[in-house]
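Inspection log for the structure reproduced underneath, given as structure tokens.
Residue numbers (the numbering used here): 1248 to 1385.
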């Protein structure tokens, strides 16, 4: 059974993105071990089932993802902007361990920071139309 939510009571801190891809104008994040469901009190959290997050952006295609998705890689004092294709390969090979997720309703944006294979990744997504959290129950 698949459950779909459009709420923002979820937190990605300490979660692991196992795969990232672009499908039908959506950036899709696959998180096999689930995400945190925050209840009314921030201290009350529990992890969900396996989760797919669909981030819908008008006219998003992989070849021009840079128009909506900015990806920076940091290693020591080195910073480099990389393509979506390179990020997808890095995540598919090594996963992305998230330590920060920040949502901006005003800017319709999402900032995700994490580590992938000893490199720090900064993923900034802008012009988001909607975010859907889809859970697969076992």
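Every residue, glycine too, gets a C-beta built ideally from N, C-alpha and C. In this text, all values refer to a predicted model and were calculated from it rather than measured experimentally.
A direct Cα-to-Cα measurement between residue 1367 and residue 1337 gives close to 12 Å.
Following the DSSP letters along the chain, one finds residue 1307 in no beta strand (DSSP E), marked with neither H nor E. Annotation for residue 1300: the continuous beta strand (DSSP E) segment containing it runs 1297-1303. Note that the segment 1294-1302 does not touch the segment 1319-1334; fewer than 3 beta-carbon pairs, one per stretch, sit closer than 8 Å.
Bridge partners of residue 1344 according to DSSP: 1263, 1362.
Looking at the backbone, the Cα of residue 1331 and that of residue 1340 are separated by about 14 Å. Here the alpha carbons of residue 1285 and residue 1314 stand approximately 31 Å from one another. By a beta-carbon distance limit of 8 Å, residue 1345 contacts residue 1361. Their separation comes to about 4 Å. DSSP places residue 1381 inside the beta strand (DSSP E), whose first and last residues are 1377-1383.
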